[in-house]
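Under full-length UniProt numbering, the first residue of the sequence shown carries the number 1, and numbering increases by one thereafter.
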Amino acid sequence: MCTTFQVRTEDQKYFHVMNMELFTAAGSRMLVAPRGHQYNSEGPEGLKPMSWVGKYGVVGNSLGPTERFHGAMNEKGLSVTGLYLPDFTEYMTVSEQDNGNFITYVHLIDFVSSQFEYVEEVKAALAKIKVCDQKIPEFGNVSQPIHFAVYDKLGYCLVIEFVGGEMKLYDNPYGTLANAPTFDWHLANLRNYTNISNTGYLTTEFRKGETILPLGAGSGTLGLPGDDTAAGRFVRAAFYSNQVTPKNWNEGMVEAIQLSNKATVTSGSIKYNGKGFGIDADVSNVCAWRHIASNSTGVFFQSHYGTNSWLKFDTKEIDFDTPGIRSMTYLDTTLEFKDLSNEI
1 MCTTFQVRTE DQKYFHVMNM ELFTAAGSRM LVAPRGHQYN SEGPEGLKPM
51 SWVGKYGVVG NSLGPTERFH GAMNEKGLSV TGLYLPDFTE YMTVSEQDNG
101 NFITYVHLID FVSSQFEYVE EVKAALAKIK VCDQKIPEFG NVSQPIHFAV
151 YDKLGYCLVI EFVGGEMKLY DNPYGTLANA PTFDWHLANL RNYTNISNTG
201 YLTTEFRKGE TILPLGAGSG TLGLPGDDTA AGRFVRAAFY SNQVTPKNWN
251 EGMVEAIQLS NKATVTSGSI KYNGKGFGID ADVSNVCAWR HIASNSTGVF
301 FQSHYGTNSW LKFDTKEIDF DTPGIRSMTY LDTTLEFKDL SNEI
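Following this line, the structure appears as structure tokens:
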């Protein structure tokens, strides 16, 4: 389970918000990859996958104890993240004729974030390569069905899916993505909610001359899904994130944090059997971590379920020259409060 969406300001600043719901964040780390880093994709035995040198420095998080990015932003403000898409994902098939021209889906975020500045560049590059399957040892040696969202500093958003062995690229006008079904289904499903409004209903008459007033505000959101299914989360995120009207970066960051709070799945609300991840237990799905990529300024913010604070990683200040991928653990249970008891 995951939910990702975009916040836009009146002065054209853009934020990519990601809530990562998972049974655990154990082993996850913050990563930095420098400019000029040598990337090598894995691939099926006997075939030769792509290798490339990163053009841009990248900061982001890993899913488990790996040196592969799961959510990332480069120094040009392009951000990428992956979300679970079970039952619909089928990656592309590769053969000897594709040698040197394919990567596995596990390395897609590394490839996109290290090479490109704009969504249009990503679309052009992906049209020329293939993306195949790969099993992940740290998650039970099974493949994970993932679709991807890419955001840039111009406000464009791209969805990448693999269905029926083909790559599907979608422009995303709402900046929102969740889990299954596929993105085109979610777009069609929005047509079921044309009655939803942030203005509410003023009055109505069941009988001529008898006016009925709504009980307080919010009547325009009657029928907005309140469940935690992917369909419900997509509709809510698309609605709420496109109603806010921040004027500038500061207001946009406030709205990004508040909307992330609104989308957070809390402990105990969803029980998930994690066999697909190699975990044979009844576990609780929670918002393991959240990140906000300020695409316009190149600043990456990270938080997780055990704390109320946010970590800040400014790509203008990060050392992207020192060779090698660097990592740091960030999971703690620190709660931060400003104590004004003696000042009131």
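Glycine residues also receive a C-beta, built at the ideal position from the N, C-alpha and C atoms.
Scanning its chain for C-beta atoms nearer than 7 angstroms, with the 5 sequence neighbours on each side dropped, one finds around residue 329 the residues 29, in chain order.
Taken through DSSP and simplified to helix, strand or coil, residue 247 comes out as coil. Boundaries of the alpha helix (DSSP H) harbouring residue 240: 230-241, taken from the DSSP string. Just measuring C-alpha positions, the residue of 89, 18, 133 sitting nearest residue 44 is 133. Counting C-beta atoms within 10 angstroms of its own C-beta, residue 173 has fewer than 16 neighbours from the protein chains shown and is therefore classed as exposed. Distance from the CA of residue 117 to the CA of residue 210, rounded to the nearest whole angstrom, comes to 59 angstroms.
Between residue 320 and residue 35, the C-beta gap is smaller than 8 angstroms, which places the two residues in contact.
Between residue 71 and residue 291, the CB-CB gap stays under 8 angstroms. Residue 189: member of the alpha helix (DSSP H) spanning 183-189, first to last residue. Closest in C-alpha terms to residue 144, from the list 107, 170, 176, 127, comes 107. Runs of the alpha helix (DSSP H) lying entirely within the stretch 54-124 and spanning at least 4 residues, in chain order: 108-115. Here the alpha carbon of residue 318 sits roughly 44 angstroms from the alpha carbon of residue 218. In this structure, the straight-line span from the alpha carbon of residue 165 to that of residue 199 is close to 44 angstroms.
Excluding sequence positions up to five before and after residue 299, its CB lies within less than 6 angstroms of the CB of 314, all in the same chain and listed in chain order. Between residue 257 and residue 224, the C-beta spacing is not below 8 angstroms.
Rounded to whole angstroms, the separation of the alpha carbons of residue 152 and residue 127 is 18 angstroms. The beta carbons of residue 339 and residue 307 sit no closer together than 8 angstroms. Contact between residue 5 and residue 175 holds, since their C-beta atoms are separated by about 6 angstroms, short of 8 angstroms.
Annotated as distal: residue 81 and residue 247, with beta-carbon spacing of 8 angstroms or more. In this structure, the CA atom of residue 208 is about 24 angstroms from the CA atom of residue 222. Residue 15 is positioned such that its CB atom lies closer than 8 angstroms to that of residue 252.
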